[in-house]
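Going by my numbering, the letters in the sequence shown line up with residues 386 to 792, in that order.
Cβ atoms here follow ideal geometry from the backbone N, Cα and C, with glycine treated the same way.
Remarks on the structure that follows.
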Amino acid sequence: MRSKPAVTIERRHFLRTAAAGLPALAACRPLFAAEYDLVIRGGRVIDPAQRVDRTADVAIRAGKIAAIRPNIPASAAAESIDAQGQLVVPGLIDVHLHARDATLLPPEILKTGVTTMVDGGSRGADNVDQILEIARNAPNRMRLLLNISRLGNNPNPDPARRSEFLDGTELADVAKARAAIERNRQWIIGMKARLSRNIAANHDLEVLRLAVQAATPSGIPIMIHIGDTFSPLPEILKILRPGDIVTHLYAPPPHGIMDDAGHILPEVRAARKRGIRFDFGNGRNEHWTWEVAQAALAQGFPPDTISTDLEVVGRTEQVFDLPTVMSKFLVLGMPLNQVIACVTSNASQTFREFKPYGTLKTGSTADVTLLELAQGNFEFVDNYKGKRTGQQKLITRGVIVGGKRIA
Ligand SMILES: [Zn+2]
386 MRSKPAVTIE RRHFLRTAAA GLPALAACRP LFAAEYDLVI RGGRVIDPAQ
436 RVDRTADVAI RAGKIAAIRP NIPASAAAES IDAQGQLVVP GLIDVHLHAR
486 DATLLPPEIL KTGVTTMVDG GSRGADNVDQ ILEIARNAPN RMRLLLNISR
536 LGNNPNPDPA RRSEFLDGTE LADVAKARAA IERNRQWIIG MKARLSRNIA
586 ANHDLEVLRL AVQAATPSGI PIMIHIGDTF SPLPEILKIL RPGDIVTHLY
636 APPPHGIMDD AGHILPEVRA ARKRGIRFDF GNGRNEHWTW EVAQAALAQG
686 FPPDTISTDL EVVGRTEQVF DLPTVMSKFL VLGMPLNQVI ACVTSNASQT
736 FREFKPYGTL KTGSTADVTL LELAQGNFEF VDNYKGKRTG QQKLITRGVI
786 VGGKRIA
């Protein structure tokens, strides 16, 4: 700390001498540059990782968060954003979406406020190069879950071989998956296994065991897709390891997180206690109902993370974007700060690679999302055309990724 006053004196001295008319002022311009590259002014700053919720300015320098405090003088900022009346939160993290198509590329998703995202198993060992290319070119942080099916999420493009998609085991190639992970470990941060009967038939447990075999050498988690599985969920949970993720946690029966009477299964609570994580995964097909979500929240079983499971069609129906999906939890009565935590601090804990993100702590990467909490009457739908009206809706108003403001 000793050096700090010395720097100030040196600077003052320089200012005096410069004012006295010394030449070469232009060459020394960096010394006169504003203290901060960008200041986001007067917003309601919510950063659950630091338990911050207050009106303040957020200052960014060299791509990092430099300060959060009120009333930073205008002269200290090269550029300012007026965020009065808006929420200023860490860049949103979507732990489950599908950015595999040319019509829904990462720049489009970044505009919705998502600065970090995970493609949830769109591709497997045979076709992972396609999505790696998309991730490499992404302006935001995009990482992948490798599908245990070597073809990924999609049916075999050859119509004659389409039924292979239904054979969960033939396509679950452990050696190929391991090799793909090893080759691309900086991009592949987990595995995905779809366990519904339309994918895994009656092989769900077997497919999951193969996914565990594939993931174990690299120590990465597995995200499983539940809802209409052949096996009851407790049987599936037995195979999961701490850190693994259950997506579509509010899938309706059969074999969801509740018993026939609508009570959360004790095995599901026990799984959460031993470190298994539960993700929302909005999607469009049979992944959730208002009733299951409401009943689970009433029993103290919120999601750890709120994700979109967004793909091309969802961009214009049901899902739209992550702030819209977050708004559905406001309709369900979840407090705003908890909703924000599900897409920032909680999401950053889901993958160890994301630990540095999802916060506005000083020194962290300057990923920031500006949201408006609009008031009015807004209609939201579940996956079964169930409608509810809410009085609040989160709308993205600005995005900064790595200190760079996105137009
Ligand atoms: Zn998905």
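If you draw a straight line from the alpha carbon of leucine 490 to that of valine 698, how long is it in whole angstroms? Translated into positions along the sequence shown, residue 490 becomes position 105. Translated into positions along the sequence shown, residue 698 becomes position 313. Between leucine 490 and valine 698, the C-alpha separation is close to 13 Å.
According to the Cβ coordinates, are threonine 497 and arginine 526 closer than 9 Å? The count along the sequence shown starts at 1 and reaches residue 497 at position 112. The count along the sequence shown starts at 1 and reaches residue 526 at position 141. In this structure, arginine 526 does not lie closer than 9 Å to threonine 497 by Cβ.
Alpha helix (DSSP H) runs wholly inside the stretch 559-631, at least 4 long, in chain order: 559-568, 582-585, 589-600, 618-624
Just list the alpha helix (DSSP H) runs in the stretch 652-700, keeping only unbroken ones of 4 residues or longer that don't cross its boundaries, in chain order. 675-683
Using only the alpha-carbon positions, how far apart do glutamate 696 and alanine 636 sit? One-based indexing of the sequence shown puts residue 696 at position 311. One-based indexing of the sequence shown puts residue 636 at position 251. If I take the Cα positions, the gap works out to 18 Å.
Under the three-state DSSP convention, the category isoleucine 725 falls into: Here the question's residue 725 lines up with position 340 in the sequence shown. Correct three-state label for isoleucine 725: helix.
Go to serine 465, then tell me how far its beta strand (DSSP E) extends in each direction, as first and last residue. Indexing the sequence shown from 1 puts residue 465 at position 80. 465-467 is the extent of the beta strand (DSSP E) around serine 465.
With DSSP as the reference, identify every bridge partner of isoleucine 516, one or two as the case may be. In the sequence shown, the residue the question calls residue 516 occupies position 131. DSSP, once it has assigned bridges, lists no residue as partnering isoleucine 516.
Please return the same chain residues whose Cβ sits closer than 6 Å to the Cβ of valine 677, not counting the five positions on each side in sequence. The residue labelled residue 677 in the question sits at position 292 within the sequence shown. Excluding residues within five positions, the ones whose Cβ falls inside 6 Å are Tyr635, Pro637.
With asparagine 768 and glutamine 679 assumed to form a contact (beta carbons below 8 Å), what rounded beta-carbon distance in angstroms separates them? Numbered from its first residue, the sequence shown carries residue 768 at position 383. Numbered from its first residue, the sequence shown carries residue 679 at position 294. Contact flag wrong, Cβ pair sits at about 14 Å.
Counting Cβ pairs closer than 8 Å, one from the stretch 498-518 and one from the stretch 457-467, do we hit at least three? no
Buried or exposed by the 16-neighbour rule on C-beta atoms within 10 Å, applied to asparagine 587: Sequence index remark: in the sequence shown, residue 587 carries index 202 (1-based). Exposed, by the Cβ-count rule.
Between aspartate 613 and ligand 1, is there a pair consisting of the residue's CB and a ligand heavy atom that are separated by less than 8 Å? Indexing the sequence shown from 1 puts residue 613 at position 228. Aspartate 613: no, Cβ never under 8 Å from ligand 1.
6 Å Cβ shell around alanine 600 - same chain, five flanking residues per side excluded: Stepping through the sequence shown from its first residue, residue 600 is reached at position 215. So the qualifying residues of the chain are Met576, Ile607.
Please classify asparagine 667 as buried or exposed, where buried requires at least 16 other C-beta atoms within 10 Å of its C-beta. Within the sequence shown, numbered from 1, the residue matching residue 667 stands at position 282. So asparagine 667 ends up on the buried side.
Quick check on the burial criterion: 16 or more other C-beta atoms within 10 angstroms. Buried or exposed for arginine 782? Walking along the sequence shown from the start, residue 782 turns up at place 397. Buried, since its Cβ has 16 or more Cβ neighbours within 10 Å.
Can you give me the Cβ contacts of lysine 658 inside the same chain, cut-off strictly under 6 Å, excluding the 5 residues immediately before and after it? Here the question's residue 658 lines up with position 273 in the sequence shown. Nothing listed; no residue qualifies.
Tell me which residue opens and which closes the beta strand (DSSP E) that phenylalanine 714 is part of. Within the sequence shown, numbered from 1, the residue matching residue 714 stands at position 329. Here phenylalanine 714 belongs to no beta strand (DSSP E); instead the alpha helix (DSSP H) covers 707-716.
In this structure, does DSSP put glycine 787 in helix, strand or coil? Translated into the one-based positions of the sequence shown, residue 787 becomes position 402. Residue state, collapsed to three classes: coil.
Alpha carbon of alanine 463 to alpha carbon of histidine 672, nearest angstrom: The sequence position of residue 463 within the sequence shown is 78, counting from 1. The sequence position of residue 672 within the sequence shown is 287, counting from 1. Cα to Cα, the separation comes out at about 46 Å.
Is the closest heavy atom of ligand 1 to the C-beta of histidine 481 under 8 Å? The sequence position of residue 481 within the sequence shown is 96, counting from 1. Because some heavy atom of ligand 1 lies under 8 Å away, the Cβ of histidine 481 counts as near it: yes.
How about isoleucine 793 and leucine 495: do their beta carbons lie closer than 9 Å? Nothing can be reported for residue 793, as the shown portion of the chain is limited to 386 through 792.
Beta-carbon within less than 6 Å of arginine 535's beta-carbon, same chain only, minus the 5 sequence neighbours each way: which residues are those? Counting from one through the sequence shown, the residue named residue 535 turns up at place 150. Answer for arginine 535: Gly509, Ala510, Asp511, Leu556, Asp558, Lys561, listed in chain order.
Does DSSP put threonine 747 in a helix, a strand or coil? The residue you call residue 747 lines up with position 362 of the sequence shown. Note: threonine 747 maps to coil in three-state DSSP.
Return helix, strand or coil for glutamate 493, following the three-state DSSP convention. Against the sequence shown, residue 493 aligns to sequence position 108. Helix.
Among residues of its own chain, excluding the 5 on either side of glutamine 515, which ones have a beta-carbon nearer than 8 Å to its beta-carbon? Stepping through the sequence shown from its first residue, residue 515 is reached at position 130. So the list reads Arg485, Arg508, once near-sequence residues are dropped.
Within 10 angstroms of the Cβ of asparagine 731, are there 16 or more other Cβ atoms? Answer buried if so, exposed if not. On the sequence shown, position 346 is the one that residue 731 refers to. Classification for asparagine 731: buried.
Start and end of the alpha helix (DSSP H) containing threonine 735? Here the question's residue 735 lines up with position 350 in the sequence shown. Counting along the chain, the alpha helix (DSSP H) containing threonine 735 begins and ends at 730-735.
What do you reckon, are the CB atoms on arginine 528 and phenylalanine 736 nearer than 9 Å? Residue 528 sits at position 143 when you count from the first residue of the sequence shown. Residue 736 sits at position 351 when you count from the first residue of the sequence shown. In contact: arginine 528 and phenylalanine 736 (Cβ atoms closer than 9 Å).
Would histidine 633 be called buried (16 or more neighbouring beta carbons within 10 Å of its own) or exposed? To locate residue 633, count along the sequence shown from 1; it is residue 248. With 16 or more other Cβ atoms within 10 Å, it is buried.
Proximity below 9 Å, CB of isoleucine 624 to CB of valine 653: Walking along the sequence shown from the start, residue 624 turns up at place 239. Walking along the sequence shown from the start, residue 653 turns up at place 268. Result no, Cβ atoms of isoleucine 624 and valine 653 do not sit closer than 9 Å.
Beta-carbon proximity list for aspartate 589, same chain, < 6 Å, skipping 5 on both sides: Here residue 589 refers to the residue found at position 204 of the sequence shown. The answer, listed in chain order, is Leu580, Thr614, Phe615, Ser616.
Given that a residue counts as buried once 16 or more other Cβ atoms are within 10 Å of its Cβ, and exposed if not, what is arginine 568? For the purposes of this step, residue 568 is taken as residue 183 along the sequence shown, with counting starting at 1. With fewer than 16 Cβ atoms within 10 Å of its Cβ, arginine 568 is classed as exposed.
Under three-state DSSP, which class holds alanine 646? Walking along the sequence shown from the start, residue 646 turns up at place 261. Alanine 646: coil per DSSP, three-state reduction.
Determine the DSSP secondary structure at glutamine 435, reduced to helix, strand or coil. Locating residue 435 in the sequence shown gives position 50, where the first residue counts as 1. Residue state, collapsed to three classes: helix.
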